[in-house]
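Participant: Position one of the sequence shown corresponds to residue 0 (numbering that gives the first Met the number 0), numbered consecutively onward.
One structure, as structure tokens, below. Some questions next.
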Amino acid sequence: MAKEKKMDTSSSKQTWLKCIGCGYETDLFKERKFRCPRCGNLYDVMHNFELVYGENLNAYTKKFDDRAAQIAFHSDDPTIHSGVWRFKEWIMPFIPNENIITLKEGIVPIVRAGKHLRNWIGTDMNLWLILEGITPTGSFKDFGGTVLITVAKTAGVSAITCASTGDTSAMAAAYAASAGMKCAVILPRGKVTAAQLAQPLAHGAKVITLPGSFDDCMRVMQELVRLGAYPANSLNPSRIEGHQATVFQVAQFFGWHLPDWISVPVGNGSNVSSLGKAMRLMKRFGLKKTSRILGCQSRAASPLAKSWNMTSPSGKNFLENWKKNFRPMKVGETTATAARIGDPVSRDKAMRELVYFDGAMQIAEERDLNKAVAVCGLDGHFVCPQTGIALAGVRGAAKKGWIKNGASVVVVSTAHGIKFTESATRDLQKNIIDAKDCETETVAKILKL
Ligand SMILES: [Zn+2]
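As structure tokens, then:
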């Protein structure tokens, strides 16, 4: 076993960036633009695993299981208490532990689908939810946030900026606050929930709203990066490194096996990108079976699913044809505002991974994604409308026969429903009983006692 090596930010041979288009390489800690100067593509983060345990899958998983066994003990070691840094050797192996900025984003609950959800899905499958809303800022973004801020701080960055549909801004503001960094967030005015607007304000971020959609915010954000802003969006590939923890947590939970399918809602595409990157890594290290990816979008914001549907499955060069068919779309209204994106910034990576892992795309109708949230609520799980997209997608894929009876399926629940109370309770207001006075007798009568 190799000893832990000291990080050398001047060396390109521990951790570096590689363009997904032309292979151009650059230094993760010096990079500020996050677009390849040669071809304009996004970067992947690369690590030299030969300096860790090479390709020895068992050596890594044993280390991660050892850490899991220590979680009951009080510890300030981020590799024990963080659900991201437990898998440090696969995520950012050469960062010294003392550099890590963590809010103790934990090992999140992975729960079996309840009765109401199972009945609604209607097909006999082994269905689970990974509840990534049970995190410091209430969404899966925290997994990427802890890594992004750790890298930014190590690189000497003092301020970060992001465009957001609500969850990224909450994450960026909280982690920047924790690291003592400045943060500015750019939001579409009136298109994030009250809870999501409260979060960056509470964490002391500068909140800027634009009179447009998220896509307008992202366009401005990309211009700001050219002017020197350090991005907390997923075009910054450090985010993707942390989001891989979803797959690692699922794999560890199932004894280092992966389910037949993993279903995710797709907005910018960062979660599909990270699922794919994590599974490629495990495959390279010897894991026999990986999951197929089901990418799901709402009807109102479905640019990737629409173009996927237009592409002939039997045609050669499916990926190239899909890319040719892709068109950004003007988004419609949806309760799933966090995935209301018509021009996904991480689409090239997401498309690459979805095709590589024999995935599929589904469009969720508005009534179905809202119904999915409602049935989860009746099982005790308050999930966000984006989770509803992924659940409606599973239901649709099962009806089409893509997901077979008995298949194991994990749905990524991307955020807590408490951020989306208005849409979740719109149809439930009629269930509120207003008692006419403050007498026990009146309440007892209502309760039929
Ligand atoms: Zn390039």
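We put the CB at the ideal spot given by N, CA and C, even for glycine.
How close, in whole Å, do the beta carbons of Ile-133 and Val-107 come, if the pair is a contact with beta carbons under 8 Å?
Facilitator: Right, the Cβ-Cβ distance comes to about 5 Å (below 8 Å), so this counts as a contact.
Participant: Buried or exposed: where does Met-0 fall if 16 or more other Cβ atoms within 10 Å of its Cβ makes it buried?
Facilitator: The pLDDT assigned to Met-0 is 41, lower than 50, so where the model puts this residue is not dependable; a value taken from the coordinates is nonetheless given after this. Per the 10 Å Cβ criterion, exposed.
Participant: What's the C-alpha gap between Thr-136 and Gln-195?
Facilitator: Rounded to the nearest angstrom, the two C-alpha atoms are 10 Å apart.
Participant: Please output, in chain order, the residues near ligand 1 using a CB cut-off of less than 5 Å to any non-hydrogen atom of the ligand.
Facilitator: Here the residues come out as Cys-18, Gly-20, Cys-21, Tyr-23, Cys-35, Arg-37, Cys-38 and Asn-40.
Participant: Using beta-carbon positions only, say whether Ala-176 and Ile-159 come within less than 8 Å of one another.
Facilitator: Contact: no.
Participant: When the Cα of Ile-382 is compared with those of Leu-128, Ala-171 and Leu-50, which residue comes out closest?
Facilitator: Residue identity differs from the one stated: residue 382 is Val in this sequence, not Ile. Taking only the C-alpha atoms, the option nearest Val-382 is Leu-128.
Participant: Give me the Cα-Cα distance between Thr-8 and Asp-166, rounded to the nearest whole angstrom.
Facilitator: Any reading at Thr-8 is ruled out, since the residue's pLDDT is 47, under 50, leaving its predicted position unreliable.
Participant: Exposed or buried, what is Ile-340 when buried is set at 16 or more other beta-carbons lying within 10 Å of its beta-carbon?
Facilitator: With 16 or more other Cβ atoms within 10 Å, it is buried.
Participant: For Lys-5, which three-state DSSP category applies?
Facilitator: Because Lys-5 sits at a pLDDT of 48, beneath the cut-off of 50, its placement in the model cannot be relied upon, and the following sentence gives the value as read from the coordinates. Three-state DSSP puts Lys-5 in coil, outside helix and strand.
Participant: Could you work out which residue in Phe-86, Ala-112, Lys-190 and Phe-93 is closest to Gly-241 when comparing CA atoms only?
Facilitator: The residue with the shortest Cα to Cα distance from Gly-241 is Phe-86.
Participant: Following the continuous beta strand (DSSP E) through Cys-375, name the residue where it begins and the one where it ends.
Facilitator: Per DSSP, Cys-375 belongs to no beta strand (DSSP E); it is in the alpha helix (DSSP H), 365-377.
Participant: DSSP three-state label for Val-44, please.
Facilitator: Reduced to three states, the DSSP call for Val-44 is strand.
Participant: Pick helix, strand or coil for Ile-133, following the three-state DSSP scheme.
Facilitator: In this structure, Ile-133 counts as coil in the three-state DSSP scheme.
Participant: With a threshold of 6 Å on Cβ separation, who are the neighbours of Thr-208 within its own chain once the five nearest residues in sequence on each side are excluded?
Facilitator: These residues qualify, in order along the chain: Leu-186 and Arg-188.
Participant: Let's test the definition: count the other Cβ atoms within 10 Å of the Cβ of Asp-141 and tell me whether it reaches 16, buried, or not, exposed.
Facilitator: Asp-141 comes out buried.
Participant: Among Val-51, Asp-65, Val-344 and Phe-63, whose alpha-carbon lies nearest the alpha-carbon of Pro-302?
Facilitator: Nearest option by C-alpha distance: Val-344.
Participant: With DSSP as the reference, please indicate the residues paired to His-80 in a beta bridge.
Facilitator: For His-80, which the question treats as bridged, DSSP gives no partner whatsoever.
Participant: Does the Cβ-Cβ distance between Ser-74 and Thr-101 come in under 8 Å?
Facilitator: Not closer than 8 Å, so no.
Participant: Under 8 Å between the Cβ atoms of Ala-414 and Phe-139?
Facilitator: Going by C-beta atoms, Ala-414 is nearer than 8 Å to Phe-139.
Participant: With a threshold of 7 Å on Cβ separation, who are the neighbours of Glu-104 within its own chain once the five nearest residues in sequence on each side are excluded?
Facilitator: Closer than 7 Å at the Cβ level, and outside the excluded window around Glu-104, lie Ser-81, Gly-82, Val-83, Thr-134, Pro-135, Asp-141, Phe-142 and Thr-145.
Participant: Given that a residue counts as buried once 16 or more other Cβ atoms are within 10 Å of its Cβ, and exposed if not, what is Met-278?
Facilitator: Burial call: buried.
Participant: Any idea what DSSP makes of Lys-398, helix, strand or coil?
Facilitator: Of the three classes helix, strand and coil, the one that applies to Lys-398 here is helix, per DSSP.
Participant: Kindly indicate which residue of Met-350, Lys-399, Thr-420 and Met-360 has the alpha-carbon position closest to the one of Val-384.
Facilitator: In the sequence as displayed, the identity of residue 384 is Pro instead of Val. Ranking the options by Cα distance to Pro-384, first place goes to Thr-420.
Participant: Between which two residues does the beta strand (DSSP E) harbouring Ile-90 extend?
Facilitator: No beta strand (DSSP E) contains Ile-90, which is instead part of the alpha helix (DSSP H) from 87-90.
Participant: Just to confirm the assignment, what range does the alpha helix (DSSP H) spanning Gly-241 have?
Facilitator: Here the alpha helix (DSSP H) through Gly-241 covers 237-242.
Participant: Within 10 angstroms of its Cβ, does Arg-291 collect 16 or more other Cβ (buried), or is it exposed?
Facilitator: By the 10 Å Cβ count, Arg-291 comes out buried.
Participant: Any idea what DSSP makes of Ser-10, helix, strand or coil?
Facilitator: Because Ser-10 sits at a pLDDT of 48, beneath the cut-off of 50, its placement in the model cannot be relied upon, and the point is left open.
Participant: Report back the beta-carbon spacing between Ala-391 and Asp-426 to the nearest angstrom; my notes put them in contact at under 8 Å.
Facilitator: 16 Å between Cβ atoms; not a contact.
Participant: Out of Gly-405, Lys-429, Lys-447 and Ile-432, state which residue places its alpha-carbon closest to the alpha-carbon of Gly-121.
Facilitator: That would be Gly-405, whose Cα lies nearest to the Cα of Gly-121.
Participant: Is DSSP giving Cys-21 helix, strand or coil here?
Facilitator: DSSP places Cys-21 in coil when its eight states are reduced to three.
Participant: Rounded to a whole number of angstroms, what is the C-alpha to C-alpha distance between Ala-169 and Pro-199?
Facilitator: Each residue's alpha carbon lies about 5 Å from the other.
Participant: So within the region 112-167, which uninterrupted alpha helix (DSSP H) runs reach at least 4 residues, ignoring any that extend past its ends?
Facilitator: Complete alpha helix (DSSP H) runs here, min 4: 114-120 and 140-153.
Participant: When the distance is taken between beta carbons, is Lys-348 closer than 8 Å to Leu-16?
Facilitator: No, the Cβ-Cβ distance between Leu-16 and Lys-348 is not below 8 Å.
Participant: Can you name, in chain order, every residue of its own chain whose Cβ lies under 7 Å from the Cβ of Gln-428, other than the five neighbours on each side?
Facilitator: Answer for Gln-428: no residue qualifies.
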